[in-house]
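Here UniProt numbering is used: the first residue of the sequence shown is 1, the next is one more, and so on.
Note that CB positions come from ideal geometry on N, CA and C, so glycine has one too.
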Amino acid sequence: MHSFDKDADHVAVDKVLSYARERLLMDPIPLDGAQTEDYLQSAAGQTITPEGLGSTRAMELFEHTLAPACLSTDHPRYLSFIPCAPTREAAAFDVVVGASSIYGGSWMEGAGAVYAENQALRWISDLAGLPESAGGVFVPGGTVGNLSALVVARHTARAKARQAGTGARPYRIAATDNAHSSVVSMAAVMDAEVCGVHVDDQLRLTGDELRKTLEENGPETFFAVVATSGTTNFGVVDDLASVAEVCREYGLWLHVDGAYGGAGLAAPSVRYLFDGIEHADSFIVDPHKWLFAPFDCCALIYREPELARLAHTQEAGYLDVITKSAEWNPTDYSIGLTRRARGLPLWYSLAVHGTDAYVEAIESTLEVTRFAADEIGRRDYLEAVREPDLSVVVFRRLGWGPEDYQAWTDRLLGEEFAFVVPTTFRGETLTRFAIVNPHTTKEDVNAILDTMA
Ligand SMILES: *Cc1c(COP(=O)(O)O)cnc(C)c1O
């Protein structure tokens, strides 16, 4: 029988690890950028063949053709969307997770990993002020985190309605249109309806507006409220305290989406913005955004994990041996069964550096953001749209239209100088810095702003 050749494996492993080592220690990092399909077709050609290319050729293809056709999201002047800038320890440990064939779905199979992941989750949960009994799981991203939490919210609300015999079958979610696009998408997956709440003049969801929406549409039709602690476009933190109060009044599930901004919980200078988060029934934060972990990692935490277990546990004869145990099985708390222990890179980096280093790193990105806002205010050709609450700043170049922004973006990327894309808000094209990389400096900010003069 044909099998994989063990001697050749050895060489391939060395090649992969030495490439990984080189990339992990690379400084400076090239920005790189996408190529056309035609280019890749001619440069890389057909890479999957019956005989195989062998490790030398395959690695060469990756190193010289495929990798350079991917943007480095950890480049200090990659400020678009939300960058991903893992610590070297976290990124390196991702290699270990891949190498270790750990099944992260159950205690029986992955106890050590689950124990470590749970300590990382505990740190986040404690920052939010959730009770000792809170717990959850690391899922691939904020989208899956939001979906998993909302499924639990609906499951719980319908069980309550059944028990009360009201005949209600809640199907609505209240959220503002500043909530992340994934909320609307995941509501569609659930066949739920998102009911829009007006924002205040600070672009926040507030208790008063929430109450109006609930009353106008019938509170019994709702099963959850989604508040955002750090909107993606502006970094706005909703008024969580007043929203939580209204949720309590109506017995509604409060889900707080902190996929981007949740890391701000660790930063003393902005912690007050999150007051009220301690009342959340569920909460997410993506360590792959502002907590210096590699893709793909979202921490999903429930106030009462038992409610999540009731909604998500998969039942089957071949799973009984796990399901019937009293142990903590991460797979029971989200969509999905098989699970990579994707919280381990964050855990390792936290264990190495300690949480104080995280606080400092988050504060340093906030400081660079405040510097950027000041510089924008100082330059007569620029204007901030809103003062940043967190580490996102949106601004306009006076006199520019959509084509000017796009041409500027293309030029900066073409020169591999920076990656900053336009955004739109209320019909206007603008641009935006998202600063979550501790290696992004004030000099980087100035250098980019200079190119807009
Ligand atoms: C990024 C983001 C999401 C989606 O997270 P993914 O990890 O990209 O799936 C959800 N909500 C907010 C506020 C985000 O910024």
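Item: Assuming A308 and V152 form a contact by the criterion Cβ under 8 Å, report the distance between their Cβ atoms to the nearest whole angstrom.; Value: 5 Å
Item: State buried or exposed for M1, treating a residue as buried only when at least 16 other CB atoms are found within 10 Å of its CB.; Value: Legend: pLDDT at M1 = 42, less than 50; position of this residue unreliable, value from coordinates given subsequently. By the neighbour-count rule (16 or more Cβ atoms within 10 Å), M1 is not buried but exposed.
Item: Using C-beta distances below 7 Å, list every residue in its chain close to L24, excluding the 5 sequence neighbours before and after it, in chain order.; Value: R88, A91 and A92
Item: Closest by CA to E216, which one among A227, A244, S282 and V197?; Value: V197
Item: Would you say the beta carbon of T231 comes nearer than 7 Å to a heavy atom of ligand 1?; Value: yes
Item: With distances taken Cα to Cα, identify the nearest neighbour of E193 among L390, L150 and T206.; Value: L150
Item: With a floor of 4 residues, list each alpha helix (DSSP H) that falls wholly inside the segment 35 to 77, ordered by position along the chain.; Value: 37 to 44 and 55 to 61
Item: Is DSSP giving F425 helix, strand or coil here?; Value: strand
Item: If you follow the beta strand (DSSP E) that T228 is part of, which residue opens it and which one closes it?; Value: F222 to T228
Item: Can you check whether the CB of R154 is closer than 8 Å to the CB of F223?; Value: yes
Item: CB K6 to CB M59, shorter than 8 Å?; Value: no
Item: Taking buried to mean at least 16 other C-beta atoms within 10 Å of its own C-beta, is H255 buried or exposed?; Value: buried
Item: Pull up the CB-CB distance for F138 and G343, whole angstroms please, since I reckon it's below 8 Å.; Value: 4 Å
Item: Does ligand 1 have a heavy atom nearer than 7 Å to the CB of N437?; Value: no
Item: Quick one: residues in its chain with C-beta nearer than 6 Å to the C-beta of residue 460, no 5 flanking neighbours on either side, listed in chain order?; Value: The displayed coordinates of the chain run from 1 to 453. Any statement about residue 460 would go beyond what the structure contains.
Item: Mind checking if E306 is an interface residue toward chain B, Cβ cutoff 8 Å exclusive?; Value: Checking the listed chains, one finds no chain B in this structure; it contains a single protein chain.
Item: Counting C-beta neighbours from all protein chains within 10 Å, is the total for H10 16 or more, i.e. buried, or is it exposed?; Value: exposed
Item: Check the DSSP bridge columns for W253 and list the partner residues they point to.; Value: A224
Item: Can A259 be considered in contact with ligand 1, in the sense that its beta carbon sits closer than 7 Å to one or more heavy atoms?; Value: yes
Item: Would you say the beta carbon of S182 comes nearer than 7 Å to a heavy atom of ligand 1?; Value: yes
Item: Consult DSSP for M1 and reduce its assignment to one of helix, strand or coil.; Value: Per-residue confidence for M1 stands at a pLDDT of 42, beneath the threshold of 50, marking its modelled position as unreliable; the derived number appears in the next sentence. Correct three-state label for M1: coil.
Item: How about P402 and T429: do their beta carbons lie closer than 8 Å?; Value: yes
Item: Do R303 and P131 have their CB atoms nearer than 8 Å?; Value: yes
Item: Any heavy atom of ligand 1 closer than 7 Å to the beta-carbon of I124?; Value: no
Item: Looking only at C-alpha atoms, which of P305, V420, V445 and I322 sits nearest to S133?; Value: P305
Item: Which residue's Cα is closest to the Cα of Q314: L398, S334 and Q35?; Value: S334
Item: Of all the options L366, P345 and Y171, which has the alpha carbon lying nearest to the alpha carbon of A266?; Value: L366
Item: Please state if the CB of F433 and the CB of V392 are separated by a distance shorter than 8 Å.; Value: yes
Item: Just to check, is the beta-carbon of C84 closer than 7 Å to a non-hydrogen atom of ligand 1?; Value: no
Item: Per DSSP, which one or two residues make a beta bridge with I173?; Value: V194 and A224
Item: Just to confirm, is the Cβ distance from I322 to S106 under 8 Å?; Value: yes
Item: Using the C-alpha atoms, what's the distance from A157 back to W253?; Value: 8 Å
Item: Between the Cα of L40 and those of D32, A69 and W290, spot the shortest distance and give me the residue it belongs to.; Value: A69
Item: Taking only the alpha-carbon atoms, compute the straight-line gap between N446 and T369 and give it to the nearest angstrom.; Value: 12 Å
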